[in-house]
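Start counting the sequence shown at 2; every next residue gets the next number (the working numbering).
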Amino acid sequence: MGGSPVNRVLILDKPKEITSYDCIRELKPLLEKGTKIGHAGTLDPMATGVLPILLGKATKLFDLFSGSGKTYIGEMKLGLRTDTADITGTVIEEKLPSRLTSDELTAAFEIFVGGYLQTPPLFSAKRKEGKRFYDLARDEEEPLEEGLLPDPEFVELFSYHLYDYDASAHTILFSIDVGRGFYVRSFVEDVARELGELATLSSLRRVKAGYFSLDKAVNMDSIETRGDIERLSISLEEATEALPTLIVNDDMARKVAHGGKLKTDVFNEISGFVRIVNKSNKVLAIGFSEMGNFKYHVVLGDDA
């Protein structure tokens, strides 16, 4: 990487049984000292799939990369409920499930399409008085008040597909397209409640996170050197290619590189994130346009 800043996105296929931060911890020693690194959307240890790793100034685009929709393929196991709301937890309730019809399954999923108030799992990264709930839940010295859960939040379910219902194994295989902050573990319990059953999440794979999908994801075991990260990651040009784009001339490019104020009627037609590129398609900055007003989100200048 020759000492130059690294502003790129590495799309990982996170393996099972490690945390999202474990991935950061393994990759950081391979980067040049001082390079910022983060991820855009936590995956639980039991989950696999797309985990965007942000490098350098790409970390400043967390809101952009984490705020988009996500697609999951999951399996729910009927007949039990656990303290973590997934199969890795301690079973706290069991009940022999009924044989369900396809109409019953469809109706239970359909009721959540559009959006609803969802209560995050107790074992989650939500905070209470500055402490994460999963830390509070494990604190034996100061146990959580019985029945205390994170506050409900409105989440969006855009669409779903039911792939398979195995009545003998008591499993349901499904996919969902969801918005930001959606907990699949909670959703599984909510669907089960509509069915009059118990259930827990038995497997989960994220196949898409915003602009990134599995077809461009790489395995952790294929990354051993700094060169591997550079070779397997994508540029900010590629990572942001789906955004509305403003192409500027050389004079304006110099202005943008220093965060200079921009005035153009183009911003009247754009609502949301927008990227500014020069005539060579190099990303100079990412900003946000609203009601004709433009504000820089990150200025990359000449080191993108």
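Quick reminder that beta carbons are idealized off the backbone N, C-alpha and C, glycines included.
Can you give, in chain order, each stretch of the alpha helix (DSSP H) that sits fully within the stretch 207-262 and has at least 4 residues? 227-233, 237-240, 251-258
Any chance the stretch 56-75 sits against the stretch 88-104, with 3 or more Cβ pairs inside 8 Å? no
Through-space distance from Leu202 to Asp87, alpha-carbon basis: As a first step, residue 87 is located in the sequence shown; it is residue number 86 there, counting from the start. As a first step, residue 202 is located in the sequence shown; it is residue number 201 there, counting from the start. Each residue's Cα considered, the two are about 4 Å apart.
Alpha-carbon spacing of Glu193 relative to His162, whole angstroms: By 1-based counting over the sequence shown, the position of residue 193 is 192. By 1-based counting over the sequence shown, the position of residue 162 is 161. According to the sequence provided, residue 193 is Ala. The question's Glu does not apply to it. Ala193 and His162: Cα-Cα distance of roughly 16 Å.
Just to confirm my understanding: we take Val284, look at its own chain, exclude 5 residues before and 5 after, and list those with CB closer than 7 Å. What are they? Counting from one through the sequence shown, the residue named residue 284 turns up at place 283. Only Leu237, Glu238, Thr241, Arg276, Val278, Leu301, Ala305 meet the Cβ criterion.
Contact between the stretch 6-15 and the stretch 44-51 (3+ Cβ pairs under 8 Å): yes
Give the DSSP bridge partners of Gly50, in chain order. Against the sequence shown, residue 50 aligns to sequence position 49. Lys15, Arg207.
Looking at the secondary structure, which residues open and close the alpha helix (DSSP H) in which Ala109 lies? For this step, residue 109 is matched to residue 108 along the sequence shown. 103-111 is the extent of the alpha helix (DSSP H) around Ala109.
So for Asn294, helix, strand or coil by DSSP? Looking up residue 294 in the sequence shown gives position 293. In the structure shown, Asn294 sits in a strand (DSSP, three-state: E or B).
Neighbourhood of Thr226 by C-beta distance below 7 Å, restricted to the same chain and skipping five residues each side: On the sequence shown, residue 226 is found 225 positions in, with the first residue counted as 1. Once the five neighbours on either side are set aside, the close Cβ partners of Thr226 are Leu31.
For Ser69, which residues in the same chain have their Cβ closer than 8 Å to its Cβ, ignoring the five residues on either side in sequence? Position 68 of the sequence shown holds residue 69. Closer than 8 Å at Cβ, skipping near neighbours: Arg181, Ala210, Gly211, Tyr212.
DSSP three-state assignment for Glu76, whether helix, strand or coil: One-based indexing of the sequence shown puts residue 76 at position 75. Correct three-state label for Glu76: strand.
Option in Leu263, Glu195, Gly90, Leu233 with minimal Cα separation from Phe113: Position 112 of the sequence shown, counted from the start, is the residue given in the question as residue 113. With distances taken between Cα atoms, Phe113 lies closest to Glu195.
Reduced DSSP secondary structure (H/G/I, E/B, other) of Asp87: By 1-based counting over the sequence shown, the position of residue 87 is 86. In this structure, Asp87 counts as strand in the three-state DSSP scheme.
How would you label Asn8, buried or exposed, when you count the other beta carbons within 10 angstroms and need 16 or more for buried? By one-based count along the sequence shown, residue 8 stands at place 7. It is buried - the Cβ of Asn8 has at least 16 other Cβ atoms within 10 Å.
Excluding five sequence neighbours on each side, which residues of the same chain lie with their C-beta closer than 8 Å to the C-beta of Asp251? As a position in the sequence shown, residue 251 is number 250, starting the count at 1. For Asp251, where only same-chain residues beyond five positions count, the Cβ hits under 8 Å are Asn279, Lys280.
According to the Cβ coordinates, are Leu55 and Gly35 closer than 7 Å? For the purposes of this step, residue 55 is taken as the residue at position 54 of the sequence shown. For the purposes of this step, residue 35 is taken as the residue at position 34 of the sequence shown. For Leu55 and Gly35, no; Cβs fall outside 7 Å.
Between the Cα of Arg82 and the Cα atoms of Ile74, Lys96, Gly75, which residue gives the shortest distance? The residue given as residue 82 occupies position 81 in the sequence shown. Considering only alpha carbons, the answer is Lys96.
Mapping the DSSP letters down to three states, classify Ile287 as helix, strand or coil. Indexing the sequence shown from 1 puts residue 287 at position 286. Note: Ile287 maps to strand in three-state DSSP.
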